[in-house]
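Numbering (our numbering), first residue to last: 366 to 539.
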């Protein structure tokens, strides 16, 4: 598996989203007992809490973080191992116009694998940031989440736009 991943990015880079996930789980396990029954569950755009809920929401939040990590990992590995199952290629066209060359296909495959890894890291960072903020607010250490959440969401959107435009230009260049 790692030999195939090595063609797309260094396998060591996979440690980054894993460390983010482990830190989130670590924070969950050590902060759950210290938190009173109420945790913020709804926020304004600037991160000020507007509604409070039961602390069991934190367990669901941890489950979401683990689920997102594994889902994006499975998608990335499936894309690396067998991309033909995930990319729809029209094999019934009468002309070669519109079909991807093998070189274009491999370039798109590399870009997509790297982007999925980056998105996995950014989504993990987003969930960690939100979780840390919720814990901090619950313990009285901070007042709001802050605007960092908007920066991370902006980075995710920017990453998707860059990936989409790169793939479009690869397709158009022929």
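Beta carbons are placed, not taken as given, at the ideal position from N, Cα and C, and that holds for glycine. Bear in mind that the values here come from a model prediction, so they are computed numbers and not experimental data.
C-beta atoms of residue i and residue j nearer than 8 Å
i, j, result
"residue 411", "residue 512", "yes"
"residue 510", "residue 389", "no"
"residue 418", "residue 406", "yes"
"residue 485", "residue 446", "no"
"residue 473", "residue 535", "yes"
"residue 431", "residue 420", "no"
DSSP three-state assignment for residue i, whether helix, strand or coil
i, result
"residue 375", "coil"
"residue 529", "helix"
"residue 398", "coil"
"residue 464", "coil"
"residue 426", "helix"
"residue 447", "coil"
"residue 498", "helix"
"residue 507", "coil"
"residue 384", "helix"
"residue 524", "helix"
"residue 437", "helix"
Alpha helix (DSSP H) segment containing residue i, residue limits
i, result
"residue 406", "Run containing residue 406: none in the alpha helix (DSSP H); it sits in the beta strand (DSSP E), 403-408."
Alpha carbon of residue i to alpha carbon of residue j, nearest angstrom
i, j, result
"residue 433", "residue 376", "19 Å"
"residue 522", "residue 476", "16 Å"
"residue 517", "residue 384", "17 Å"
"residue 490", "residue 514", "9 Å"
"residue 483", "residue 530", "16 Å"
"residue 392", "residue 465", "46 Å"
"residue 424", "residue 470", "41 Å"
"residue 525", "residue 440", "16 Å"
"residue 372", "residue 532", "18 Å"
"residue 379", "residue 502", "31 Å"
"residue 507", "residue 496", "13 Å"
Start and end residues, beta strand (DSSP E) containing residue i
i, result
"residue 415", "414-419"
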